[in-house]
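Numbering (this note's numbering), first residue to last: 559 to 623.
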């Protein structure tokens with residue numbers, strides 16, 4: 559079970575600043591692109607293909623009876 563932890567405002571700001579630095583760390587590699595969105599779109603397309611292939615295989619196996 560998760561529990562809440564009280565964090566000082568300065569700690570929140572420190573973590574927020576670190577997150578901002580991390581976001582910018584690799585931005586020069588793909589300027590103007592959102593790589594996380596591209597990764598998600600690629601994975602969704604792969605999942606759709608896998609689902610379609612599994613349905614085709616199931617249909618093929620049912621036809622063997």
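All C-beta atoms, glycine included, are put in the ideal place defined by N, C-alpha and C.
Keep in mind that this is a model prediction, so the values were computed, not measured.
Check: Inter-residue spacing [alpha-carbon to alpha-carbon] between residue 607 and residue 601; Outcome: 10 Å
Check: First through last residue of the alpha helix (DSSP H) which encompasses residue 570; Outcome: 567 to 583
Check: Cα-Cα separation, residue 581 to residue 563; Outcome: 25 Å
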